[in-house]
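Number of protein chains: 2
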Amino acid sequence: MPVPIHDLADIPFFAQLSPAERSHAAAVLHEHRYQAGGVIFLEGEPCPGLFFVKSGRVKIYKVAPSGREQVLCIMHPRTCFGGCPLFDGANNPAMAEALDPTILYVLDRAEAVALAERDHAAALTLLKIFSGRLRLLASLVERLSLRCVTARVAEVLLTYADERGLPQAHGIEVCLDLSQHDLAALVGTAREVVTRTLRDMERKGIIHARGRRIVILDRERLASLISSL
Amino acid sequence: MPVPIHDLADIPFFAQLSPAERSHAAAVLHEHRYQAGGVIFLEGEPCPGLFFVKSGRVKIYKVAPSGREQVLCIMHPRTCFGGCPLFDGANNPAMAEALDPTILYVLDRAEAVALAERDHAAALTLLKIFSGRLRLLASLVERLSLRCVTARVAEVLLTYADERGLPQAHGIEVCLDLSQHDLAALVGTAREVVTRTLRDMERKGIIHARGRRIVILDRERLASLISSL
DNA sequence: CCCAATTTGTGACTTTAGTCCTATCGCGAC
DNA sequence: GTCGCGATAGGACTAAAGTCACAAATTGGG
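Protein chains in written order, with numbering that gives the first Met the number 0: chain A, 0 to 228; chain B, 0 to 228.
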């Protein structure tokens with residue numbers, strides 16, 4: 000399954016490659032499709048390669064024996080994941096699952112390693128990507144350890160509002176496009192606790208939740224919750 | 000303050016450089032000394048460069064407004080830290096503080112970036128290092144989110160036992176060389192909780208704690224605590 | 001050796017968050 | 001429409017962890 004070159008241009012990692020490398024990549028990439036909920040890989044398995052999200056979203060997460068999940072990161076289109084096992088030689092550190100119907104481009108393990116070893120610019124790009132990822136995980140650790148559930152939920156809402164919020168009559172409308180189960184896994188708590196937290200915010204007039212769409216009525220108060228407790 | 004070249008040979012990052020790059024590094028490195036408790040850098044500051052631990056240990060951590068700390072990582076001799084801001088362009092994601100009297104070698108920000116851009120092997124080495132760091136943080140997130148305090152303490156004890164434990168008459172002796180305050184920050188809880196957890200394990204005959212030295216009496220039972228709750 | 005400062009140990013209490021269970025809602029398939 | 005299923009709401013209870021206050025022990029300087 001060869002991948003059209005022009006489809007690679009909008010993925011930053013490929014955009015940055017030399018034209019020669021880019022067309023070589025296009026020739027060796029594989030396209031994979033998943034339906035929502037489809038498993039991409041499991042923790043502990045050897046990593047098949049470097050994954051790029053063409054469309055859809057991918058949830059990278061850990062699972063406890065009890066079944067509780069903790070999301071590490073949700074990968075959006077144009078981003079890549081699955082790189083760390085290629086360089087530290089170990090297996091997948093977490094699970095990956097499609098949140099939406101998703102199309103991924105996969106660069107085989109051997110091809111990806113060879114590319115990083117052959118192309119200095121590609122290696123530097125990966126270094127940048129990994130740096131950002133480290134920062135993200137560090138801040139996740141901070142939130143989990145040092146902030147209460149309310150603060151964590153508030154932060155997710157505000158982050159999404161800033162990135163994707165639609166200004167509206169009564170406030171900013173955010174569409175998380177996550178079930179409460181996934182939202183709970185994202186903030187590291189149980190589903191019921193998220194329900195209660197959202198209800199609470201609604202009762203206080205801070206947000207108005209209708210299904211997956213949430214309208215932020217009082218941005219100030221929501222922001223102040225981030226530092227609560 | 001030039002650094003003797005032979006002092007660099009035992010730091011993996013430098014060992015892997017070409018002799019020319021290594022001697023250039025030696026010429027531009029700065030040596031910094033800190034006493035125990037000395038602040039190396041603060042979260043949010045611009046990062047001055049890439050740090051290498053010659054001797055001593057460095058605690059990388061986040062602080063809450065309340066003063067509670069969460070350790071991300073304790074850096075031992077021969078390891079490096081402070082790299083991520085060099086490549087993602089942002090500021091320090093966390094604090095760094097010496098746990099012991101510590102000697103660091105510092106490669107200026109500009110020198111470090113230039114080295115990674117000039118020397119492909121150095122970039123790949125950093126990629127390996129960052130990969131390991133990502134895995135470490137991911138597992139920290141997992142522990143914080145999905146495991147109880149007892150399990151987290153048990154895991155730290157066993158990890159140290161495997162890395163540094165001295166076989167002894169009644170079990171394996173571990174010297175954490177951490178105050179309970181730092182141990183609490185390492186597992187992400189309050190000091191009192193760590194005290195109680197250790198006392199509990201002692202009462203059950205799993206460990207015997209005398210000051211900072213802990214003897215693991217029943218490895219099996221300690222290991223089984225890791226999956227508790 | 002002794003004092004001050006830090007570290008450790010403990011009890012009592014509060015708060016937060018997790019669990020269990022049941023009810024209701026809402027959407028899609030048919 | 002309506003049946004059924006998964007998602008959401010919510011009440012009641014439990015358990016884990018955080019907090020506070022203070023006592024005891026240890027350590028390292030002088």
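Note that beta-carbon positions come from the ideal geometry of N, C-alpha and C, so glycine has one too.
Only a predicted model underlies this, so the values are computations on that prediction, with no experimental measurement involved.
Can you pull the DSSP bridge partners for residue i?
{"i": "Lys-61 (chain A)", "result": "A:Gln-69"}
{"i": "Pro-84 (chain A)", "result": "None, per the DSSP bridge assignment."}
{"i": "Asp-107 (chain B)", "result": "B:Gly-48"}
{"i": "Ile-213 (chain B)", "result": "B:Val-173 and B:Ala-208"}
{"i": "Tyr-33 (chain A)", "result": "A:Thr-101"}
{"i": "Cys-147 (chain B)", "result": "Answer is none; Cys-147 (chain B) lacks a bridge partner."}
{"i": "Glu-141 (chain A)", "result": "Beta-bridge pairing links Glu-141 (chain A) to no other residue."}
{"i": "Ser-22 (chain A)", "result": "Note: Ser-22 (chain A) sits in no beta bridge, so no partner."}
{"i": "Ala-95 (chain A)", "result": "A:Phe-40 and A:Ile-59"}
{"i": "Pro-3 (chain B)", "result": "The partner list for Pro-3 (chain B) (beta bridge, DSSP) is empty, contrary to what the question assumes."}
{"i": "Met-74 (chain B)", "result": "B:Val-57"}
Is there at least one Cβ from chain A nearer than 8 Å to residue i's Cβ?
{"i": "Pro-100 (chain B)", "result": "no"}
{"i": "Leu-143 (chain B)", "result": "yes"}
{"i": "Ser-130 (chain B)", "result": "yes"}
{"i": "His-119 (chain B)", "result": "yes"}
{"i": "Leu-126 (chain B)", "result": "yes"}
May I have the straight-line CA-CA distance separating residue i from residue j, to the nearest angstrom?
{"i": "Ala-184 (chain B)", "j": "Ser-22 (chain A)", "result": "49 Å"}
{"i": "Ala-89 (chain B)", "j": "Pro-45 (chain B)", "result": "7 Å"}
{"i": "Ala-314 (chain B)", "j": "Leu-224 (chain B)", "result": "Residue numbering for chain B in the displayed model covers 0 to 228; residue 314 (chain B) lies beyond these limits and cannot be assessed."}
{"i": "Ala-153 (chain A)", "j": "Leu-221 (chain B)", "result": "38 Å"}
{"i": "Arg-132 (chain A)", "j": "Leu-133 (chain B)", "result": "8 Å"}
{"i": "Pro-47 (chain B)", "j": "Asp-118 (chain A)", "result": "28 Å"}
{"i": "Arg-32 (chain B)", "j": "Leu-177 (chain B)", "result": "20 Å"}
{"i": "Ala-111 (chain A)", "j": "Phe-13 (chain A)", "result": "12 Å"}
{"i": "Arg-202 (chain B)", "j": "Cys-174 (chain B)", "result": "20 Å"}
{"i": "Ala-35 (chain B)", "j": "Val-192 (chain A)", "result": "42 Å"}
{"i": "Gly-43 (chain A)", "j": "Arg-146 (chain B)", "result": "19 Å"}
{"i": "Asp-87 (chain B)", "j": "Asp-217 (chain B)", "result": "45 Å"}
Check whether the Cβ atoms of residue i and residue j lie closer than 8 Å to each other.
{"i": "Leu-136 (chain A)", "j": "Leu-49 (chain B)", "result": "no"}
{"i": "Leu-41 (chain B)", "j": "Ala-24 (chain B)", "result": "no"}
{"i": "Gln-179 (chain A)", "j": "Val-140 (chain B)", "result": "no"}
{"i": "Ala-97 (chain A)", "j": "Val-57 (chain A)", "result": "yes"}
{"i": "Gly-55 (chain A)", "j": "Thr-124 (chain A)", "result": "no"}
{"i": "Thr-196 (chain A)", "j": "Val-148 (chain A)", "result": "yes"}
{"i": "Phe-51 (chain A)", "j": "Leu-16 (chain A)", "result": "no"}
{"i": "Gln-121 (chain B)", "j": "Ala-115 (chain B)", "result": "According to the sequence shown, residue 121 (chain B) is Ala rather than Gln. Cβ distance < 8 Å, so Ala-121 (chain B) and Ala-115 (chain B) count as in contact."}
{"i": "Pro-18 (chain A)", "j": "Lys-53 (chain A)", "result": "no"}
{"i": "Ile-59 (chain B)", "j": "Ala-93 (chain B)", "result": "yes"}
{"i": "Phe-129 (chain A)", "j": "Ser-138 (chain B)", "result": "no"}
{"i": "His-29 (chain B)", "j": "Val-105 (chain B)", "result": "yes"}
Can you find a CB in chain B that lies within less than 8 Å of the CB of residue i?
{"i": "Phe-86 (chain A)", "result": "yes"}
{"i": "Cys-79 (chain A)", "result": "no"}
{"i": "Glu-110 (chain A)", "result": "no"}
{"i": "Gly-43 (chain A)", "result": "no"}
For residue i, verify whether its CB is less than 7 Å away from any heavy atom of the ligand PLP.
{"i": "Asp-176 (chain A)", "result": "The ligand PLP is not part of this structure, which contains no ligands at all."}
Contact the region 163–176 of chain B vs the region 163–172 of chain A: 3+ CB pairs below 8 Å: no
Validate contact between the region 72–82 of chain B and the region 209–216 of chain A using beta carbons, cut 8 Å, 3 pairs: no
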